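S.K.: Heads up: the sequence lines are chains A and B, in that order.
Our numbering applies: residue 1 is where the first sequence begins, and numbers increase by one.
Our numbering applies: residue 1 is where the second sequence begins, and numbers increase by one.
We treat Cβ as the ideally placed atom computed from N, Cα and C, and that holds for glycine.
On a predicted model such as this, the values are computed, not experimentally measured, just so you know.
So that we are looking at the same thing, I have put the structure below in structure tokens.
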Amino acid sequence: MKTPKFQGTHLFDRLCWAKENLEGVQSDYRVVYEDSVDECSKVLIADPNWLSCALQGGILPPVWVYHELAKDEATEGFTKHTRGYLLHQTEPVGAMTEEEAIEYLILKDCPESVWKTYNEGNRLKMVICKKEQLPQTREWRNAWKISDDLSLTDLAA
Amino acid sequence: MAGKLKVDQIEHSTAGSLDTSYVVNGSAKSWVNFNGTGVIAARDSLNVSGLLDNGNGDYSVNFGNAFSAADYASTGNSWSTGSTGFLLYGNASANPTTSASRFTTSSTTAFGDSPIIGLSFNGELA
Numbered sequence: 001m002k003t004p005k006f007q008g009t010h011l012f013d014r015l016c017w018a019k020e021n022l023e024g025v026q027s028d029y030r031v032v033y034e035d036s037v038d039e040c041s042k043v044l045i046a047d048p049n050w051l052s053c054a055l056q057g058g059i060l061p062p063v064w065v066y067h068e069l070a071k072d073e074a075t076e077g078f079t080k081h082t083r084g085y086l087l088h089q090t091e092p093v094g095a096m097t098e099e100e101a102i103e104y105l106i107l108k109d110c111p112e113s114v115w116k117t118y119n120e121g122n123r124l125k126m127v128i129c130k131k132e133q134l135p136q137t138r139e140w141r142n143a144w145k146i147s148d149d150l151s152l153t154d155l156a157a
Numbered sequence: 001m002a003g004k005l006k007v008d009q010i011e012h013s014t015a016g017s018l019d020t021s022y023v024v025n026g027s028a029k030s031w032v033n034f035n036g037t038g039v040i041a042a043r044d045s046l047n048v049s050g051l052l053d054n055g056n057g058d059y060s061v062n063f064g065n066a067f068s069a070a071d072y073a074s075t076g077n078s079w080s081t082g083s084t085g086f087l088l089y090g091n092a093s094a095n096p097t098t099s100a101s102r103f104t105t106s107s108t109t110a111f112g113d114s115p116i117i118g119l120s121f122n123g124e125l126a
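Put into structure tokens, the structure is as follows:
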């Protein structure tokens, strides 16, 4: 199905169109990251309906739009977004592969402090893996950490 | 056929009339049903970009279209497989942002993963 020309259409309306017209896609990829020494590893999962939007193209705004809104929200005294139009007026991005969509999701939903420096420091802070690579046991999972044995070459493509 | 009705009020033949702003403002702007056990995954959703498994009974929902402010309302429920139900809390350690909200599920004594979690969010979108 061809995506209608959505630039200028409210993003929520585009997501409603996608829900009505596209099948959700469950991803096998998971993003494991650590953003606090006091917390265990977190696992980020792409939403199936969102992923279908990414694969379809012409629906989601460029990821820099979310970064602009995040900057606004981090401003002292922030109460309400005044640049929401960026979500709706900016030309949507084209179709992505699943791998590109996961990278987009990382840039959107992982803390910047993680994705900007994930491979700096003494150990990895973020890993993209397949879901079957995650521990199957649920025991002690509040203490789960990314293995110190992992290196950059272990990252899934 | 796609189309648009631009009206401020709708009227039922016998039951009275309603401002369409009630419909626009009163509809959920984001919702999700997901399995919070094992490798968590959404069953169905609207306006959700991803789920985050923060730990035992601890989850976040990320929105596709952010809310205009962080004062949106959320409701939800969570099921347990045991004899006692799970309670659903907003996570006190992480205030909601316009783009994400964090929750915990627990029994009366401890956090725990829930097999069915449903969440709904109302508010004004950015």
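1. When you compare the CB of residue 7 of chain B with every CB in chain A, is at least one pair closer than 9 angstroms?
2. At the 9 angstroms Cβ level, is residue 38 of chain B part of the contact set with chain A, yes or no?
3. Where do the N-terminal and C-terminal ends of the beta strand (DSSP E) with residue 35 of chain B fall, by residue?
4. Going by beta-carbon coordinates alone, are residue 126 of chain A and residue 146 of chain A separated by less than 9 angstroms?
5. Rounded to a whole number of angstroms, what is the C-alpha to C-alpha distance between residue 75 of chain A and residue 13 of chain B?
6. Residue 99 of chain B: which of A/133, A/67, A/91 and A/120 sits nearest, CA to CA?
7. Would you identify the three-state DSSP class for residue 114 of chain A, choosing helix, strand or coil?
8. Pull up the DSSP beta-bridge partners for residue 53 of chain B, would you.
9. Is there at least one Cβ from chain B nearer than 9 angstroms to residue 119 of chain A's Cβ?
10. Give a yes or no on whether 9 angstroms exceeds the smallest Cβ distance from residue 46 of chain A to chain B.
11. Is the distance from the Cβ of residue 76 of chain B to the Cβ of residue 113 of chain B below 9 angstroms?
12. Indicate the three-state DSSP secondary structure (helix, strand or coil) for residue 26 of chain B in the structure shown.
13. Using a cut-off of 7 angstroms between C-beta atoms, extract the partners of residue 112 of chain A located in chain B.
14. Once DSSP output is grouped into helix, strand and coil, what is the label at residue 64 of chain A?
15. Judging by CA-CA distance, which residue of A/80, A/111 and A/137 is the nearest neighbour of residue 167 of chain A?
16. Return the residue from the list B/32, B/8, B/4 and B/38 that minimises the CA-CA distance to residue 22 of chain B.
17. Going along chain B, which residues have a C-beta under 7 angstroms from residue 58 of chain A?
18. Can you give me the Cβ contacts of residue 11 of chain B inside the same chain, cut-off strictly under 6 angstroms, excluding the 5 residues immediately before and after it?
19. Determine, for residue 53 of chain B, whether the minimum Cβ-Cβ distance to residues of chain A falls below 9 angstroms.
20. Check whether the region 59–66 of chain A and the region 138–145 of chain A touch, using three or more Cβ-Cβ pairs below 8 angstroms as the test.
M.R.: Looking at the coordinates:
1. To locate residue 7 of chain B, count along the second sequence from 1; it is residue 7. Taking Cβ atoms only, chain A never reaches closer than 9 angstroms to residue 7 of chain B, which makes this a no.
2. In the second sequence, the residue the question calls residue 38 of chain B occupies position 38. Chain A contact via Cβ: present.
3. To locate residue 35 of chain B, count along the second sequence from 1; it is residue 35. From DSSP, the beta strand (DSSP E) with residue 35 of chain B extends over 30–35.
4. Taking the first sequence and counting its residues from 1, one reaches residue 126 of chain A at position 126. Taking the first sequence and counting its residues from 1, one reaches residue 146 of chain A at position 146. Taking 9 angstroms as the Cβ cut-off, residue 126 of chain A and residue 146 of chain A qualify as a contacting pair.
5. The residue you call residue 75 of chain A lines up with position 75 of the first sequence. The residue you call residue 13 of chain B lines up with position 13 of the second sequence. Going from the Cα of residue 75 of chain A to the Cα of residue 13 of chain B covers about 50 angstroms.
6. By one-based count along the second sequence, residue 99 of chain B stands at place 99. Among A/133, A/67, A/91 and A/120, the Cα nearest to that of residue 99 of chain B belongs to A/67.
7. The residue given as residue 114 of chain A occupies position 114 in the first sequence. Helix at residue 114 of chain A.
8. If you number the second sequence from 1, residue 53 of chain B lands on position 53. In the DSSP output, where bridge partners are listed per residue, residue 53 of chain B has A/43 and B/59.
9. Locating residue 119 of chain A in the first sequence gives position 119, counting from the first residue. Chain B, which has no Cβ nearer than 9 angstroms to the Cβ of residue 119 of chain A, makes this no.
10. For the purposes of this step, residue 46 of chain A is identified with residue 46 of the first sequence, where counting begins at 1. Judged by the 9 angstroms Cβ criterion, residue 46 of chain A is in contact with chain B.
11. Walking along the second sequence from the start, residue 76 of chain B turns up at place 76. Walking along the second sequence from the start, residue 113 of chain B turns up at place 113. No, Cβ-Cβ distance for residue 76 of chain B and residue 113 of chain B is not below 9 angstroms.
12. Looking up residue 26 of chain B in the second sequence gives position 26. In this structure, residue 26 of chain B counts as helix in the three-state DSSP scheme.
13. As a working mapping, residue 112 of chain A is identified with position 112 in the first sequence. Within 7 angstroms Cβ-Cβ: nothing; residue 112 of chain A doesn't reach chain B, min ~13 angstroms.
14. Locating residue 64 of chain A in the first sequence gives position 64, where the first residue counts as 1. Residue 64 of chain A falls in the helix class under three-state DSSP.
15. With chain A represented from 1 up to 157, any question about residue 167 of chain A goes unanswered, as that position is not in the structure.
16. Position 22 of the second sequence, counted from the start, is the residue given in the question as residue 22 of chain B. When only C-alpha atoms are compared, the closest one is B/8.
17. The residue you call residue 58 of chain A lines up with position 58 of the first sequence. Under the 7 angstroms cutoff, chain B gives no residues; its nearest Cβ is about 14 angstroms from residue 58 of chain A.
18. Within the second sequence, residue 11 of chain B is the residue found at index 11, counting from 1. 17, listed in sequence order.
19. The sequence position of residue 53 of chain B within the second sequence is 53, counting from 1. So yes, residue 53 of chain B belongs to the interface.
20. no
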